[in-house]
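Counting from 1, one number per residue, gives the positions in the sequence shown under the UniProt record's numbering. Notes to accompany the following structure.
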Amino acid sequence: MTGRADITLSVNGQSYTRRVDPRLLLSDFLRHELGLTGTHVGCEHGVCGACTILLDGRSARSCLMLAVQAHGAEVETIEGQGTVAALGPIQQAFREHHALQCGFCTPGFVMTILDMLRHHDLGDDAAIREALSGNICRCTGYEHIVNAVRALVRERGKPA
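Okay, here's the thing in structure tokens:
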């Protein structure tokens with residue numbers, strides 16, 4: 001017995017099969033096994049939101065999940081949302097509204113916002129602020145992030 005587990009999952013539309021330690025966190029699997037370093041690890045307690053990904057279309061904290069729990073799942077990370085040459089709609093809104101500074105929290109915000117735009121009514125600032133309340137940014141003061149989401153809701157509708 002090797003003490004390892006075989007997992008297969010789809011990440012940003014690409015299927016991966018790996019043998020992993022059953023205790024490996026999903027955030028570490030994405031970063032170290034797949035080289036997808038856009039998923040950041042901040043607090044390692046699920047509080048800051050930097051590690052947010054979408055798991056089967058819903059936001060999840062990858063630092064609180066084991067990779068084996070994602071077996072058979074569809075995972076979306078920031079790498080699947082656009083490129084430097086072709087930003088995704090949320091990334092473009094962040095750029096246009098100056099909604100980032102250091103950028104450490106940005107991937108988690110983008111993934112949270114993607115989930116919120118797909119599944120929730122963000123019709124007013126109170127709803128937007130509530131949707132963003134699970135993500136921490138120490139640089140921006142949030143106003144520009146709210147402005148970016150407001151613009152997405154108003155001008156672009158649901159980007160997904």
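Heads up, the beta-carbon is just placed ideally off N, CA and C, and yes, glycines get one too. These figures come from a predicted structure and were not determined experimentally.
{"Check": "May I ask you to report which of helix, strand or coil DSSP gives T37?", "Outcome": "coil"}
{"Check": "My understanding is that L152 touches A93, with C-beta atoms under 8 Å, so please give their C-beta distance in whole angstroms.", "Outcome": "5 Å"}
{"Check": "Short check: CB of S10 to CB of E74, under 7 Å?", "Outcome": "yes"}
{"Check": "Which residue spans inside the stretch 63-141 form an unbroken beta strand (DSSP E) run of at least 3?", "Outcome": "74-76"}
{"Check": "Is there contact here, the stretch 133-140 with the stretch 102-119, by at least three beta-carbon pairs under 8 Å?", "Outcome": "yes"}
{"Check": "Given this structure, state the Cα-to-Cα distance separating D124 from D56, to the nearest angstrom.", "Outcome": "27 Å"}
{"Check": "Measuring alpha carbon to alpha carbon, tell me which residue in G3, E130, L34 and V149 is nearest E79.", "Outcome": "L34"}
{"Check": "Helix, strand or coil: how does DSSP classify A151 here?", "Outcome": "helix"}
{"Check": "Could you name the residues of the same chain whose beta carbon sits closer than 7 Å to that of L122, not counting the 5 residues immediately before and after it, in chain order?", "Outcome": "M116, I128, A131, V149 and V153"}
{"Check": "Taking the beta strand (DSSP E) that D21 belongs to, which residues open and close that run?", "Outcome": "Neither: D21 is in no beta strand (DSSP E) and is coded neither H nor E."}
{"Check": "For the beta strand (DSSP E) that contains D6, what are its first and last residues?", "Outcome": "A5 to V11"}
{"Check": "Can you list, in chain order, the residues of its chain whose CB lies under 7 Å from that of C63, leaving out five sequence neighbours each side?", "Outcome": "L25, S27, V41, E44, G46 and C51"}
{"Check": "By how many angstroms is the C-alpha of T77 removed from the C-alpha of V20?", "Outcome": "20 Å"}
{"Check": "Do you know offhand how far H98's Cα is from I113's?", "Outcome": "16 Å"}
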